[in-house]
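What follows is a single structure, written as structure tokens, with notes after it.
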Amino acid sequence: MPVMNMVQALNQALREEMARDPRVVVLGEDVGRRGGVFLVTEGLIDEFGEMRVIDTPLSEMGIIGVAIGMALYGLRPVAEIQFIDFVYEAFDQIVSNMAKIRYRTGGMYSVPMVLRSPCCGGIRGGMHHSQSPEAYFMHTAGLITVMPSTPYDAKGLLKASIRSNDPVIFLEPKSIYRTIKEEVPDRDYTVPLGKARLVREGNDVTIVTWGAMVYQSLEAAKLVEEKHGWSVEVIDLRTLFPYDKDAIIESLEKTERLVIVHEAPKTAGPGAEIAAYIAENHIELLRGPIARVTGFDTPFPLVHEKLYMPNIARIYMALKKVMQY
Amino acid sequence: MEVLGSRDILNLDRALGLYRVLDEDGNPVAGEPSLPDKLLLDMYTYMIRARILDGWLLKLQRMGRVALHAPNKGQEASAVGATLALKREDWLFPSYRELGALLVRGMTEEEILDRALTTIDDPLKGSDFAIYGHRKYNIVPAPVPVANQIPHAVGAALAAKIMGDKIVTMTFFGDGSTSRGDFHAGLNFAGVFKAPVVFVNQNNQWAISVPLKRQTAAPTIAVKGIAYGVPGIRVDGNDVIAVYTVAREAVERARSGEGPTLIEAVTYRLGPHTTADDPTRYRGEEEVKEWERREPLRRMRRYLISRGLLTEEEDKALWSEWEKRIEETVVKVLEKPPLPPEVILEDVYEEPPWNLKEQMKELRESIRLLKELGIELE
């Protein structure tokens, strides 16, 4: 089986889906000749031509609005937003149309498209190349929000997203685009939307996380095991909405303690939803308070980003808090 | 059919043509420009300073000391020429490729380097890369998402008009920006309210890998102004005297209450989009060579020499003087300490709300713990 990084796995997913289904088209800024600024779409224009791999003018509003129209007519567009930080120009199209067309038309029309975009921090990208805005999308009814953390999942989840009849926001943590490599099947497979992945088994405390924070969480899990003998279970949510509540509940039945780790800021962030759901419905499972380790409630800073993002020390502090409650 | 009162605005010749004072080799195309000698030498000096500083920022990025740089090489004339037409009290809304404009407004190399290297003296306290500005020079630091600043310049101009201040605002943006909604909204509002604003489009032919013809089907960018009721003037953006001349006209027009102007400065980005870009993936060397011949410093140098304002020796001395001064500044700035970690939690609000106070404690505790564990986050 070939070993791939996430960029290669995503590229292969797009290539296979475009070959499998002539309705799949790719559009965005620099996705053609340049192959995307991170090279996720590299070579697609040579294989599928300019009609299906479209370098667009510089307008996120245009890219998403036009992709919606394409999807209404019957294509399966995969629209790239060069950095998720630039998506806000397209917000009206996403919130008012991409998410609402099925509902507005009583199910008559749907928008089977994927908005894929590099997200999150860790590359010294500053405030407009580092954001984790998944909460906006999770909060918008009608959207599916996905964030893979491995090359295998990236390929399988992107293929499932392209085949989804509902619109998908597909967020790619760019700091692990090339740093994580693993065997990825050279054949067709999908990873189901809405299903979490058990990354590490443990008995004492559950960490629910996603994206690049899976790796920070694993490091912290190793540290507390060595230092205190605590056994940490790590769950990678993969689909952020609809999130896999059953996987979280099943884990809590065993560990009775919950820590949520994400890069997005804390206030009204994605962790707030998960914590509230568990507190509302399964408080009897918990021995003590839920802890969240998140980006701080500030714009993403250019300086000291490793202190801004959840790091091993901050996750350790949270694990200690829930274990020693 | 005559459209009443619209003749000036509908001047298609200026929006479709290309205004020039010097040809590509620095020869005047229609007589000697009547500008003071000092101003002509200043134009050249500012371009030299911008070129040297740009080279340093590129080098410092390669050394890992600057997070990212958007090279200016080849576009010095547009930035310098346009901003020289402003008065001190006027406001500037730059983009991220106008080092020359910052220098003209009075920002020093040291202030720019403090910003780029996010030293303890960084006026923007480590907020983002490739953006510059300072309240004391009336330069509002750019947002990185392109075109966002266009309506801001219109709003500031309108505010000045409402408050009775005789100031003008100027904003810079690239060819890619003209595809965004902010450009449309900004020009439309400016036209409707006759805002005293000068739009300077640096048409450098490429928005990363996307060529101008993929950005617009219009024959020029300047012509887009006409539909908003904003006169468009197309100028050779590598001819600093030409840019200055049309900018001065636009600034005077704005100050006298006649409203906005869209200037399209036709130029070329000789370097990559940013230090993260590789232009060999999407454009040929021939094209770059062709534009290297037309670059603005060579042209102005030849003109100044032919006019007798500069000798070869003086030119060399000018370059080495600024090379030395800027290198000394780089050395000085490199030795400054970095910003302390606490800055990342400051300036979110005027006064930090309770959550940020809690998070400041968390930050400090995590720093202590990292030390205790002997972990260094790279």
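Protein chains in written order, with our numbering: chain H, 169 to 493; chain B, 4 to 381. Every residue gets a Cβ at the ideal spot worked out from N, C-alpha and C, and that includes glycine.
Judged by DSSP secondary structure, residue 285 of chain H falls within the beta strand (DSSP E) whose first and last residues are 282-287. Residue H/230 holds the alpha-carbon nearest to the alpha-carbon of residue 196 of chain H among H/261, H/230, H/279.
Under the Cβ distance rule, residue 51 of chain B does not count among the residues neighbouring chain H, no pair being separated by less than 8 Å.
Proximity to residue 157 of chain B across B/263, B/299, B/345, B/36 peaks at B/263, based on C-alpha coordinates. Annotation note: the region 214-263 of chain B contains the following uninterrupted alpha helix (DSSP H) runs of length 4 or greater, listed N- to C-terminal: 215-218, 227-230, 243-258. Only exposed fits residue 259 of chain B, as fewer than 16 other CB atoms lie within 10 angstroms of its CB.
Taking CB atoms only, residue 278 of chain B has no neighbour in chain H less than 8 Å away. Contact between residue 464 of chain H and residue 299 of chain H fails: their C-beta atoms lie close to 13 Å from each other, not under 8 Å. Under the 10 Å beta carbon count, residue 364 of chain B is surrounded by fewer than 16 other beta carbons and is classified as exposed. Residue 361 of chain H and residue 305 of chain H have their C-alpha atoms some 15 Å from each other.
Among the residues of chain B, none has a CB under 7 Å from the CB of residue 245 of chain H; the nearest is roughly 18 Å distant. Under the DSSP assignment, residue 95 of chain B falls in the beta strand (DSSP E) whose first and last residues are 94-96. The residue among H/476, H/260, H/430 with its C-alpha nearest the C-alpha of residue 460 of chain H is H/430. With 16 or more other CB atoms across the displayed protein chains lying within 10 angstroms of its CB, residue 266 of chain H is buried. Chain H places a beta carbon closer than 8 Å to that of residue 184 of chain B, counting this residue as a contact. When the alpha-carbon of residue 191 of chain H is set against those of H/223, H/214, H/241, the nearest one is in H/241. Secondary structure at residue 187 of chain B: helix, using DSSP grouped into helix, strand and coil. Nearest in C-alpha terms to residue 407 of chain H, of all of H/448, H/311, H/474, H/490, is H/311.
The beta carbons of residue 285 of chain H and residue 379 of chain H sit no closer together than 8 Å.
Selection H/213, H/493, H/412 evaluated against residue 446 of chain H yields H/412 as nearest (Cα-Cα). When C-beta distances to chain B are compared with 8 Å, every residue of the region 335-351 of chain H stays at or above that value.
Listed along chain H, the residues sitting closer than 8 Å to residue 131 of chain B by beta-carbon distance are 294, 295, 296, 470. In this structure, the CA atom of residue 366 of chain B is about 12 Å from the CA atom of residue 343 of chain B.
Within chain B, the residues 344, 347, 366, 369, 370, 380 have their CB atoms less than 8 Å from the CB of residue 475 of chain H, given in chain order. Residue 176 of chain B carries a strand assignment under DSSP once its states are collapsed to helix, strand and coil. Following the DSSP letters along the chain, one finds residue 239 of chain H inside the alpha helix (DSSP H) bounded by residues 228-241. Per DSSP, the continuous beta strand (DSSP E) segment holding residue 349 of chain H begins and ends at 349-351. The Cβ atoms of residue 323 of chain H and residue 180 of chain H sit closer than 8 Å to each other. Within the region 44-119 of chain B, the alpha helix (DSSP H) runs of at least 4 residues that lie entirely inside it are, in chain order, 79-86, 102-107, 112-119.
Here residue 403 of chain H is bridged, per DSSP, to H/366, H/376.
Residue 303 of chain B counts as buried, since at least 16 other C-beta atoms from the protein chains shown sit within 10 angstroms of its C-beta. In the same chain as residue 131 of chain B, and ignoring 5 residues on each side of it, the C-beta atoms closer than 7 Å to its own belong to 147, in chain order. Within chain B, no C-beta atom comes less than 7 Å from the C-beta of residue 190 of chain H; the nearest is roughly 24 Å away.
Contact annotation: in the region 191-209 of chain H, residues whose CB is within less than 8 Å of a CB in chain B are 197, 198, 200, 201, 202, 203, 205. Within the same chain, and ignoring the five residues on either side of residue 19 of chain B in sequence, the residues whose Cβ sits closer than 8 Å to its Cβ are 222, 223, 225, 226, 237. In the three-state reduction of the DSSP assignment, residue 172 of chain H falls in the strand class.
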